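Trainee: Just so you know, we're using the working numbering here: the sequence shown kicks off at 363 and counts up by one. Mind having a look at this structure? Questions to follow.
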Amino acid sequence: MALLRNKIFSTCVAASLLCATSTVFAESVAIKYDQIFIADKGLVVKDLLTGQLNQCTAPPLLDPAGNDVTSLLATATDVVIKRNYAIVTVHPLDSQGNALTDTVTVDVSKCLVQKTIPVKECISTVDLDRGVLTIPCVQINDSIVTVNMDRRGSSSNWEVTFLQDNANMANYSDASNDDEEDDDSKSKQKGH
Numbered sequence: 363m364a365l366l367r368n369k370i371f372s373t374c375v376a377a378s379l380l381c382a383t384s385t386v387f388a389e390s391v392a393i394k395y396d397q398i399f400i401a402d403k404g405l406v407v408k409d410l411l412t413g414q415l416n417q418c419t420a421p422p423l424l425d426p427a428g429n430d431v432t433s434l435l436a437t438a439t440d441v442v443i444k445r446n447y448a449i450v451t452v453h454p455l456d457s458q459g460n461a462l463t464d465t466v467t468v469d470v471s472k473c474l475v476q477k478t479i480p481v482k483e484c485i486s487t488v489d490l491d492r493g494v495l496t497i498p499c500v501q502i503n504d505s506i507v508t509v510n511m512d513r514r515g516s517s518s519n520w521e522v523t524f525l526q527d528n529a530n531m532a533n534y535s536d537a538s539n540d541d542e543e544d545d546d547s548k549s550k551q552k553g554h
């Protein structure tokens, strides 16, 4: 019985240490408009498609009132993107040296360049002689793709022949889909 109790205790201690270790070293990430926001003792942004560092968060980082909050991000651990703002969890020390949990709001609008797509980029085309239909702006889940369809024989039935990412739609986002209920955070990404 004592041996079983010791094994259970040892397992619980080991699991707790592993969880604590992974929490301490984890970088918190949020993704919006093909930009990856990383909160890890500061706020860093990388391009999702290329992995290149984006200089849009070079100091000074400003809050909505225009105050420089760069130095407040030295203890950043988590980030959520809402509209044009990054809400960053920080852990400053109080006057007695105790860590507190707080948030800092950072204006990241210069990182969130939303692309405007000319109508001509989304006009479907059809070649009835060849029996080919191209639909350039089809939303499938969170991606916008180009769909090519071929006519089946001489009928009016069409079948999808292939889908491909629509390069013209990179960074496009439907602004009407950014409501208050959407947290645009890594927690949304965890479900995928």
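For each residue, glycine too, the CB sits at the ideal point set by N, CA and C. Quick caveat: nothing in here was measured; it's all calculated off a predicted structure.
Do you know whose CA, among 449, 434, 432, 475, lies nearest residue 440's CA?
Mentor: Of the candidates 449, 434, 432, 475, the residue whose Cα lies closest to the Cα of residue 440 is 449.
Trainee: Identify the continuous beta strand (DSSP E) that holds residue 495 and give its terminal residues.
Mentor: For residue 495, the enclosing beta strand (DSSP E) covers residues 494–502.
Trainee: Please state the DSSP three-state secondary structure of residue 526.
Mentor: strand
Trainee: I think residue 509 touches residue 525, with their Cβ atoms under 8 Å apart; what is that distance to the nearest whole Å?
Mentor: 6 Å
Trainee: Quick check on DSSP: helix, strand or coil for residue 458?
Mentor: coil
Trainee: For a test of the three-state rule: what should DSSP assign to residue 392, helix, strand or coil?
Mentor: strand
Trainee: Output the distance between the C-alpha atoms of residue 462 and residue 502, rounded to the nearest integer angstrom.
Mentor: If I take the Cα positions, the gap works out to 43 Å.
Trainee: Just reading off the beta strand (DSSP E) that residue 444 is part of, what are its end residues?
Mentor: 440–444
Trainee: Using a 10 Å radius around the Cβ and a threshold of 16 neighbouring Cβ atoms, would you call residue 477 buried or exposed?
Mentor: Counting Cβ neighbours within 10 Å, residue 477 comes out exposed, since fewer than 16 surround it.
Trainee: Taking Cβ to Cβ, would you say residue 527 is nearer than 9 Å to residue 507?
Mentor: Result yes, Cβ atoms of residue 527 and residue 507 sit closer than 9 Å.
Trainee: Measure how close the beta-carbons of residue 418 and residue 406 come, nearest whole angstrom, since I'm counting them as under 8 Å.
Mentor: Incorrect: roughly 10 Å between the Cβ atoms, too far for contact.
Trainee: On the DSSP bridge assignment, give the partners of residue 397 in chain order.
Mentor: 394, 409
Trainee: Look at the alpha carbon of residue 328 and the alpha carbon of residue 498, and state the distance between them as a whole number of angstroms.
Mentor: Because the chain here runs from 363 to 554, residue 328 falls outside it and cannot be looked at.
Trainee: Residues in the same chain with beta-carbon distance under 7 Å from residue 387, minus the five sequence neighbours each way, listed in chain order, please.
Mentor: Unreliable positioning characterises residue 387 in this predicted model, as indicated by a pLDDT of 39, which lies under 50. The coordinate reading is nonetheless provided below. Here the set comprises nothing.
Trainee: According to DSSP, is residue 475 part of a helix, a strand, or is it coil?
Mentor: Note: residue 475 maps to coil in three-state DSSP.
Trainee: Is it true that the CB of residue 447 sits closer than 9 Å to the CB of residue 426?
Mentor: yes
Trainee: From the DSSP output, in three-state form, read off residue 448 for me.
Mentor: strand
Trainee: What number of angstroms, rounded off, separates the C-alpha of residue 458 from the C-alpha of residue 479?
Mentor: Just so you know, the alpha carbons of residue 458 and residue 479 end up roughly 54 Å apart.
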